[in-house]
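The structure appears below as structure tokens.
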Amino acid sequence: MTTVILPRSLVSLIPGTERTTQVDATTVAEVIDRLDERTPGLRNRLLDSGPSIRQHINVYVDHQPARLDTPVGPDSTIHVIPAVSGG
Amino acid sequence: MTQTMLLVGTSKGAFILDGGTDRTSWSVRGPLCNGWPIHDLQWDPANRSIYAGGGSVWYGPAVFRSDDLGETWNHSSEGLTYGDDGPKIPTVWNVTPANGSIYAGVEPAGLFRSDDGGATWGHVAGLREHPSRPDWQPGAGGLICHTIVPHPTDAEKMWVAISAVGTFATEDGGTTWEARNRGVVNCNAPDPYPETGQCVHKLVMAAGRPDRFYQQNHCGVYRSTDGTQHWEDVSKGLSSEFGFVFGSHPRDPDTGWVIPLSHPEEGRTAPGGALAVWRTRNGADSWERHGDGLPQENAYVGVYREAFAVDRLDPVGVFFGTSTGQLYGSIDEGETWSRIADNLPPIWGVEAVALD
Chain U
-9 MTTVILPRSL VSLIPGTERT TQVDATTVAE VIDRLDERTP GLRNRLLDSG
41 PSIRQHINVY VDHQPARLDT PVGPDSTIHV IPAVSGG
Chain E
66 MTQTMLLVGT SKGAFILDGG TDRTSWSVRG PLCNGWPIHD LQWDPANRSI
116 YAGGGSVWYG PAVFRSDDLG ETWNHSSEGL TYGDDGPKIP TVWNVTPANG
166 SIYAGVEPAG LFRSDDGGAT WGHVAGLREH PSRPDWQPGA GGLICHTIVP
216 HPTDAEKMWV AISAVGTFAT EDGGTTWEAR NRGVVNCNAP DPYPETGQCV
266 HKLVMAAGRP DRFYQQNHCG VYRSTDGTQH WEDVSKGLSS EFGFVFGSHP
316 RDPDTGWVIP LSHPEEGRTA PGGALAVWRT RNGADSWERH GDGLPQENAY
366 VGVYREAFAV DRLDPVGVFF GTSTGQLYGS IDEGETWSRI ADNLPPIWGV
416 EAVALD
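Read top to bottom, the protein sequences are chains U and E. Counting in this note's numbering, the first sequence runs from -9 upward without gaps. Counting in this note's numbering, the second sequence runs from 66 upward without gaps.
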């Protein structure tokens, strides 16, 4: 199972989410689909039209910057981290 | 006894001020909506819900809803999109309950409707199909649909205001739209009276008079007495033609309020540092200045387009928030004022609620 670590600001926004969770997926896109199945609405918070990962959301697979089609494995760790932006 | 609330949208979340029954002492709750930038909050008396529209730089646009006076919230943006090939929507600028639906105005300018209380949204595509759309240009706040005015009895009729494009009206439930800017000057263009391109800042309908409208525009204050078919400048007597807000009385179509600000290229703040609300009692034929209780020196504050509200009590309570986080109120229809909150984030939206 792939381990996913979500930001605190997203967990507090969507009831039912957890900071660290595990999913069965083969790409980042599938990871987000699995999470959205558990807590509907999460996909819209991470993805923009396109679909594409929102401009100020960074996703890493095993510490490397990732895209929606980046492969993930059962031993992968996914970090979802808000960018250093805002004001 | 009637309980009162102020719903306040800021750059750092929503806040609710509870004003009890006498509107003289206010307690602050917040920040709400997870600290998201919130442009607009509205009260839906039909089901006693609060709606809040905004957008997060990280997580995109959403409309929040609370059914327990702001204690708990949920949110959705399902369907709030122009499609995978369309422009991205960063934020919601207006939420307006009407005729059992909820409408949302967004950036870039467009209109969405929810028929299930904000859970899912559908694009009211006719507005962006207007032939002028390729020419739409943003104002300083972006290309934004910031005002939605439903007809009080005819669900087929609605008006919206877009900066810096102008006023549009539909009479067929949103299928087709017509530009309604005749007589409104565009003071930033070589052609002063184009079909569109006028920077309307706030559009309101007069109480009980769906044929009469007022607007605060970038280039003046205007009145229409024929349902927005034609407009006339009614800025004479004001300290400035520029401002963002227009508040209309809940029962008297001749009474309204504006807050003139300094020239748009000279700060857009209270003229001379003296903050004042100007009121008309005769349908904008003339204006009277009211600064009693407001700072009259060194108050270089702005007041944004949605940050002005009136309640429905008698006498009417009038409230506004500033770009620097002060909230002012009057419980004598704008004669005298007091500061009811300070040190809030920059205030973008104010809505006044009187609970039965």
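Note that CB positions come from ideal geometry on N, CA and C, so glycine has one too.
- By the criterion of at least three beta-carbon pairs nearer than 8 Å, the region 60 to 74 of chain U is not in contact with the region 167 to 182 of chain E.
- Taking 8 Å as the threshold, the shortest C-beta distance from residue 46/U to chain E falls below it.
- Nearest CB-CB separation between residue 55/U and chain E: not below the 8 Å threshold.
- In the three-state reduction of the DSSP assignment, residue 336/E falls in the helix class, which pools H, G and I.
- In the DSSP assignment, residue 244/E forms a beta bridge with 233/E.
- DSSP places residue 26/U in the uninterrupted alpha helix (DSSP H) bounded by 18 to 28.
- Ranked by Cα distance from residue 295/E, the first of 312/E, 355/E, 234/E and 342/E is 234/E.
- Spanning the alpha carbons of residue 302/E and residue 126/E requires a straight line of approximately 40 Å.
- Exposed is the label assigned to residue 240/E, since fewer than 16 other Cβ atoms lie within 10 Å of its Cβ.
- Residue environment for residue 360/E: buried (at least 16 other C-beta atoms within 10 angstroms of its C-beta).
- For residue 164/E, no beta strand (DSSP E) run applies, since DSSP gives it neither H nor E.
- Here residue 79/E really is in contact with residue 72/E; their C-beta atoms are around 7 Å apart, less than 8 Å.
- Residues of the region -7 to 22 of chain U with a Cβ closer than 9 Å to any Cβ of chain E, in chain order: -3, -1, 0, 2, 3, 4 and 5.
- In the three-state reduction of the DSSP assignment, residue 228/E falls in the strand class.
- Counting only runs of 4+ residues, no alpha helix (DSSP H) is found wholly inside the region 147 to 202 of chain E.
- Remark: C-beta atoms of residue 366/E and residue 395/E do not approach each other more closely than 8 Å.
- The three-state secondary structure of residue 250/E, taken from DSSP, is coil.
- The residue from 61/U, 62/U, 53/U and 47/U with its alpha-carbon nearest to that of residue 73/U is 47/U.
- Look at residue 285/E here: in three-state DSSP terms it is strand.
- Nearest to residue 404/E by C-alpha distance, out of 364/E, 221/E, 371/E and 272/E, is 364/E.
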